[in-house]
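Before any comments, here is the structure.
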Amino acid sequence: MSYPELNKFAYNMRQNILEVSYHSGTSTHLGGALSMTDVMAVLYGKVLNYDPKNPRWVDRDRFILSKGHGVLGFYPALLEAGIISREVFETFQQNGSDLIAHPVMNLDLGIESSNGSLGHGISMAVGIAFAAKKQKKHFQTFTLVGDGETNEGSVWEAAMLASHLKLNNLTAIVDYNKQQNDGYGKDVLHIDNMAERFKAFGWHAIEVDGHDITELVAAFEIAPIDKPKAIIAHTIKGKGVPFMEGDNAWHHNRLTKSNYETAISSLQESVE
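Start counting the sequence shown at 1; every next residue gets the next number (UniProt numbering).
Encoded structure:
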């Protein structure tokens, strides 16, 4: 089954990531934003239950960005979903803006949590999911975790607790692009069996191509019984911009006029 509307959602996100990064005039976390784009397009284009006109709706699904530096892959999803306006979006990293380099909780803008220190978002998501169970609420909680972030012990403490509490209303997505600030994940702290690790902690783990919309939709639609779900999304850092793909120099970098124009051109060519 194809989802042309979700492919369009993801394309628009990538274009907005490049545009707002360039016009911000600063260095930004481009690589990891582009690797998570397709996951976010599926989440905000199909999976999450929310009301863009009422972001404080009590029964909305919750999304927590655990890899807080990935905001460039988050704010464009909020824009495309109609939760924030273009006017607000274009204030990214400008003086006085609510949209800075890491998310700051602002429910009116659809931002559920403040996240900067890695390893904290998944813990918060576990707490929210557990509270929903205790209050007999039916909303779902989702959190996006960076694979480098799983170097943090707090991730696995949260994973262990989520399994113990049988939080089948919790889904963690791992943006498994296999690179982080200091290089390849395998060289920093060897992890090559992410799905098996989550399974060992009692989660229902599913591995998918993180850039295949159909695979992502199918993974989200699987409902685990009495356990949390982990979607291990194999991704490419810088996906969608050929000169950025797999190049860790774009983990955090600044777009010049020439490479911005090249990036936009190659993105447009990819759909022609």
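Glycine residues also receive a C-beta, built at the ideal position from the N, C-alpha and C atoms.
VAL208 in three-state terms, based on DSSP: strand
Delimiting residues of the alpha helix (DSSP H) encompassing HIS23: 4 to 24
Beta-carbon proximity check, ALA233 vs VAL174, cutoff 8 Å: yes
Span of the beta strand (DSSP E), counted from its first residue to its last, around ILE264: From DSSP, ILE264 is part of no beta strand (DSSP E) but of the alpha helix (DSSP H) over 257 to 269.
Under 8 Å between C-beta atoms of LEU65 and GLY148: no
Whole-number beta carbon distance between PHE139 and GLU80, since they are thought to touch under 8 Å: Actually they are not in contact, since the Cβ atoms of GLU80 and PHE139 sit about 21 Å apart, beyond 8 Å.
Which listed residue (ARG254, ILE17 and SER114) has its alpha carbon closest to that of ARG86: ILE17
Status (buried if at least 16 other CB within 10 Å, exposed otherwise) for THR256: exposed
Nearest-angstrom Cα separation, counted from SER270 out to THR262: 12 Å
At least 3 beta-carbon pairs within less than 8 Å: the stretch 91 to 101 vs the stretch 38 to 55: no
Meets three-Cβ-pair contact criterion under 8 Å: the stretch 152 to 171 and the stretch 25 to 41: no
Beta bridge counterpart(s) of ASN106 as assigned by DSSP: ILE111
Backbone CA spacing between ALA172 and TRP203 [nearest angstrom]: 10 Å
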